[in-house]
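Trainee: Read in order, the letters of the sequence shown correspond to residues 87 to 512 in the working numbering.
Input: one structure, supplied below.
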Amino acid sequence: MLGALAGTVALSATACGSNGGSSSGGGERTGNTLTVWAWDPQFNIYALKEAEKIFKQKNPDFSLNISEIAWDDVQTKLTTMAQSGQLDGLPDIFLMQNNAFQKNVTNYPELFADFEDSKVDFGQFPKAVEDYSTINGKHFGLPFDSGTAINALRVDYLEAAGFKIEDFTNITWDDYIAKGKVVKEKTGHPMIATNAANSDLIMMMMQSAGASLFDKDGKPTIAGNETLIKAIETYVKAMKEGVLVQVNAWDEYVGGFVSGNIAGVMNGVWIVGSIQTAKDQEGKWRITNVPSLNGVSGATNYTTNGGSSWAVSSKANKSLAQDFLRETFAGSTEFYDTILPTSGAIANWEPAGKSKVYEEPQPFFGGQPIYSEVVEYGTKVPTANTGVYFYEGRDAVSAAITKVVNGAPIAQALDEAQKNVEFAMK
């Protein structure tokens, strides 16, 4: 899930870091308790508690000591520990946003244990997701929640314009914009909105073609990047045609489709939770795949935005931590069936998508079995190199888009973005 809650809250009476064994001396911790850092009580922490119940069925003495820590604070703690060399405060397991794995493992390898002897079958996860936390051929993360993107649409608005959901399936962005213009003319509603302060939609377009802001050696390729140029041109065209509108805040973004002012949503599947808060719109929504970029080699109708994976620390009770993750997040359909209805946490673990719970029709989406379909989408997302400086690159592109929307030439804006990232890398 993309968001991170503020603050740090202990969710166990056990002192954080106390798991029945010593973390000093570099040896593996022992005992039956694992300490975990994660954010969002209704999503990630709820999932941990349910995983604990599953694991306790065969390991009755097992327990989790969970601390709620916002993602930004997790990153700060990891950086501080690595720079000070004081690693004893590391938990056994911590959650990490997928786009941050490459940077953290590359810069601070002493914080992480790999999964090479964990017996986890990583072939049961989409390769595009698996690759986020694979560094130099080794796995350092176990994928959890899906960031697979969906194109969610109000079918009542589509029908008013003479379309069906099938007319927006397996199409290009040019098709999407042309049909979106008709929907706007017939109903008065733009197709989608995006936050003016970030480049998430552009990043999704890039990923759908397996493109990156960096080459295989980690050098920025923002200036002259043909796929990025095509994505920005598409973005600007959608704005000019009134199909895409920019908003200034997250609440305004969600309010657009919840109020019915916007005809659709294009984002990671975690956005489904926000869509379904509009109870009066039950039955009026469907999902399909995203548009592909016209004229771009390798372009597909599948992409991702967000998602996270579990890391095991170098100070962990490694065998217990890996057993716990393998038998729950990478091995239990019962677990994923339990957390789906309450939290909407959709698995990256592909076997979960074949369960009866995932295949159940969803009334809010007109009886469409959206969860099994999204798991299938995830298997088709192209791999893209995020690079160690992904966030710096994304922020530079966000600034470039603002300049382009305000009239700057694309080439000039991307040249400046390239220089800014190169400076940050120094």
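In this text, a Cβ means the ideal position worked out from N, Cα and C, and glycines have one as well.
Bear in mind the structure is a predicted one, so any value in this text is a computation, not a measurement.
Restricting to Cα atoms, I'd like to know which of ALA470, SER400, TYR422 and ALA494 is closest to ARG115.
Mentor: Residue mapping note: residue 115 aligns to position 29 of the sequence shown, counting from 1. Measuring from the Cα of ARG115, the nearest candidate turns out to be SER400.
Trainee: Give the single residue among LYS270, GLY296 and TRP259 whose Cα lies nearest to the Cα of ASP217.
Mentor: As a first step, residue 217 is located in the sequence shown; it is residue number 131 there, counting from the start. With distances taken between Cα atoms, ASP217 lies closest to GLY296.
Trainee: Could you please give the first and the last residue of the uninterrupted beta strand (DSSP E) stretch that includes GLU154?
Mentor: The residue given as residue 154 occupies position 68 in the sequence shown. Unbroken beta strand (DSSP E) run through GLU154: 149–155.
Trainee: Taking the CB atoms as reference points, tell me whether PRO513 and VAL331 lie closer together than 9 Å.
Mentor: What is shown of the chain runs 87 to 512, which leaves residue 513 out entirely.
Trainee: Less than 9 Å between CB atoms is the rule here; does VAL191 satisfy it with respect to chain C?
Mentor: Reference to chain C is not applicable here, since this structure consists of a single protein chain.
Trainee: Please state if the CB of GLY393 and the CB of GLY417 are separated by a distance shorter than 9 Å.
Mentor: Here residue 417 refers to the residue found at position 331 of the sequence shown. Here residue 393 refers to the residue found at position 307 of the sequence shown. Result no, Cβ atoms of GLY417 and GLY393 do not sit closer than 9 Å.
Trainee: Could you check which residue in ALA385, PRO427 and THR419 has the C-alpha nearest to that of ALA358?
Mentor: Position 272 of the sequence shown holds residue 358. Note that residue 358 is Val in the sequence shown here, rather than Ala. Ranking the options by Cα distance to VAL358, first place goes to PRO427.
Trainee: Please report the distance separating the alpha-carbon of SER429 from that of ALA133.
Mentor: Here residue 429 corresponds to residue number 343 of the sequence shown, with the count starting at 1. Here residue 133 corresponds to residue number 47 of the sequence shown, with the count starting at 1. Their backbone Cα atoms lie some 8 Å apart in a straight line.
Trainee: Name the DSSP beta bridge partners of PRO306, please?
Mentor: Mapped onto the sequence shown, residue 306 falls at position 220. In the DSSP output, where bridge partners are listed per residue, PRO306 has PHE300.
Trainee: Less than 9 Å between the beta carbons of ALA431 and LEU176, yes or no?
Mentor: As a working mapping, residue 431 is identified with position 345 in the sequence shown. As a working mapping, residue 176 is identified with position 90 in the sequence shown. No, Cβ-Cβ distance for ALA431 and LEU176 is not below 9 Å.
Trainee: If we require 4 or more residues per run, which alpha helix (DSSP H) segments fall completely within the region 355–380?
Mentor: With a minimum length of 4 residues, the continuous alpha helix (DSSP H) runs that stay inside the region 355–380 are 358–361.
Trainee: If you scan the region 138–200 from start to end, which runs of the alpha helix (DSSP H) of 4 or more residues do you find wholly inside it?
Mentor: Runs of the alpha helix (DSSP H) inside the region 138–200: 157–170 and 187–193.
Trainee: What is the rounded straight-line gap between the Cα of TYR321 and the Cα of LEU411?
Mentor: Translated into positions along the sequence shown, residue 321 becomes position 235. Translated into positions along the sequence shown, residue 411 becomes position 325. In a straight line, the C-alpha of TYR321 is about 40 Å away from that of LEU411.
Trainee: Excluding the five sequence neighbours on either side, which residues of its own chain have a C-beta within less than 7 Å of the C-beta of SER204, listed in chain order?
Mentor: Reading the sequence shown from its first residue, position 118 is the one you call residue 204. Once the five neighbours on either side are set aside, the close Cβ partners of SER204 are GLN408 and ARG412.
Trainee: Return the CA-CA distance between GLY266 and VAL329, expressed in angstroms with no decimal places.
Mentor: The sequence position of residue 266 within the sequence shown is 180, counting from 1. The sequence position of residue 329 within the sequence shown is 243, counting from 1. C-alpha separation (whole angstroms): 6 Å.
Trainee: Whether or not the region 493–511 and the region 291–311 are in contact is what I'm after, with contact meaning three or more pairs of Cβ atoms, one per stretch, closer than 8 Å; do they touch?
Mentor: Output reads yes: the region 493–511 touches the region 291–311.
Trainee: So, at 6 Å on beta carbons, what are the nonlocal neighbours of PHE476 in its own chain, with the 5 sequence-adjacent residues on each side left out?
Mentor: As a first step, residue 476 must be located in the sequence shown, where it is residue number 390. These residues qualify, in order along the chain: ASN185.
Trainee: Looking only at its own chain, which residues have a Cβ that is under 6 Å from the Cβ of GLY304, when we skip the five neighbours before and after it?
Mentor: By one-based count along the sequence shown, residue 304 stands at place 218. Excluding positions up to five away in sequence, the list reads GLY473 and VAL474.
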